[in-house]
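Chemist: Dropping the structure in here first, questions after.
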Amino acid sequence: MEKCVIVVVGVMVAVFVEGMFAQSTTVHVVGDSMGWTVPQNPSEYSTWANPKKFFAGDILTFKFMNGRHDVVEVPKASYEGCSASNAIGNTFTTSPTNFSLTQGHHYYICTFGDHCQSGQKLAIQVLSSQEPSHPPSPSNANVPSTPGSSSSPPPSVLAAVFFNLMSIALTLCFSM
Ligand SMILES: [Cu+2]
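In my numbering, the protein residues as written are 1471 to 1646.
So this is what it looks like as structure tokens:
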């Protein structure tokens, strides 16, 4: 009977931990250890962002040297032209600066000197959160994606897995 308890508790712990990770928010530190700076390669930040998946609710963190850089969100045209006009919200001058991501395209630049022209600019696409009630909008359909590589199972799937594992565990218990 002790084995039973161990198996059941083990299953419960495993499912609980997995559920916590499925719910957790991802913090993306822009440029990783490089931070937010004038990159050596102008495409550095697109190289950083390309393999990543950004979901609504994730946090985007800009770490930079105060007084040397800043960060502001801008519309696409301003991003492409490296213009700080039509800024979306404030220009943030204190590191670290955190943005809570919402679904859609977002563009960020540094307004110091020619930093943006030199590649200190970031464009990302944020996908809807993984809740089953928020399917991706049709506008996302033409964006390359790799289904299956990204998502953790939604809570409903976790619940189903939980009950299946529990019934297996209980069956094992009573057959011992
Ligand atoms: Cu800068």
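In this text, a Cβ means the ideal position worked out from N, Cα and C, and glycines have one as well.
For Ala1526 versus Val1542, is the C-beta spacing smaller than 7 Å?
Modeler: By 1-based counting over the sequence shown, the position of residue 1526 is 56. By 1-based counting over the sequence shown, the position of residue 1542 is 72. Cβ atoms of Ala1526 and Val1542: not closer than 7 Å.
Chemist: If we count the other Cβ atoms within 10 Å of its Cβ and call it buried at 16 or more, is Pro1617 buried or exposed?
Modeler: Residue 1617 sits at position 147 when you count from the first residue of the sequence shown. Only weak support is given to the placement of Pro1617: the predicted model assigns it a pLDDT of 42, under 50, and the question is left unresolved by the model.
Chemist: Return helix, strand or coil for Thr1567, following the three-state DSSP convention.
Modeler: In the sequence shown, the residue the question calls residue 1567 occupies position 97. If DSSP states are grouped into helix, strand and coil, Thr1567 belongs with the strands.
Chemist: In angstroms, rounded to a whole number, what distance separates the CA positions of Asn1511 and Thr1572?
Modeler: Taking the first residue of the sequence shown as position 1, residue 1511 is located at position 41. Taking the first residue of the sequence shown as position 1, residue 1572 is located at position 102. Cα to Cα, the separation comes out at about 28 Å.
Chemist: Considering only heavy atoms of ligand 1, list every residue whose Cβ is less than 5 Å from one of them, following chain order.
Modeler: Here the residues come out as His1539, Cys1580, Phe1582, His1585, Gln1590.
Chemist: Name the DSSP bridge partner or partners of Lys1523?
Modeler: As a first step, residue 1523 must be located in the sequence shown, where it is residue number 53. Paired residue(s): none; Lys1523 is not in a bridge.
Chemist: Under the rule that 16 or more other beta-carbon atoms within 10 Å means buried, what is Glu1550, buried or exposed?
Modeler: Here residue 1550 refers to the residue found at position 80 of the sequence shown. Glu1550 should be labelled exposed.
Chemist: Can you list, in chain order, the residues of its chain with a C-beta nearer than 8 Å to that of Val1562? Leave out the 5 residues immediately preceding and following it.
Modeler: Here residue 1562 is taken as the residue at index 92 of the sequence shown, counted from 1. The identity of residue 1562 in the sequence shown is Phe, whereas the question assumes Val. Hits under 8 Å: Phe1532, Asp1540, Val1541, Val1542.
Chemist: I'd like to check one pair, Ala1519 with Ile1594: are the Cβ atoms closer than 7 Å?
Modeler: Taking the sequence shown and counting its residues from 1, the one referred to as residue 1594 is at position 124. Taking the sequence shown and counting its residues from 1, the one referred to as residue 1519 is at position 49. Contact flag set, yes.
Chemist: Just curious, the alpha helix (DSSP H) that Gly1551 is in, first and last residue?
Modeler: Here residue 1551 refers to the residue found at position 81 when the sequence shown is read from its first residue. Segment 1546–1551, the alpha helix (DSSP H) holding Gly1551.
Chemist: I need the straight-line Cα distance from Pro1624 to Thr1496, nearest angstrom please.
Modeler: The residue you call residue 1624 lines up with position 154 of the sequence shown. The residue you call residue 1496 lines up with position 26 of the sequence shown. Residue placement at Pro1624 cannot be trusted, given a pLDDT of 49 that sits under 50; what the coordinates show is reported in the next sentence. Cα to Cα, Pro1624 sits roughly 16 Å from Thr1496.
Chemist: Would you tell me roughly how many angstroms separate the C-alpha atoms of Ala1557 and Tyr1578, rounded to the nearest one?
Modeler: Locating residue 1557 in the sequence shown gives position 87, counting from the first residue. Locating residue 1578 in the sequence shown gives position 108, counting from the first residue. Each residue's Cα considered, the two are about 9 Å apart.
Chemist: My output table needs one value for Thr1561: the three-state DSSP class, helix, strand or coil.
Modeler: The sequence position of residue 1561 within the sequence shown is 91, counting from 1. Three-state result, Thr1561: strand.
Chemist: Suppose you measure from the CA of Ile1529 to the CA of Val1508; what does that come to, to the nearest Å?
Modeler: Locating residue 1529 in the sequence shown gives position 59, counting from the first residue. Locating residue 1508 in the sequence shown gives position 38, counting from the first residue. Answer to the nearest angstrom: the Cα atoms are 22 Å apart.
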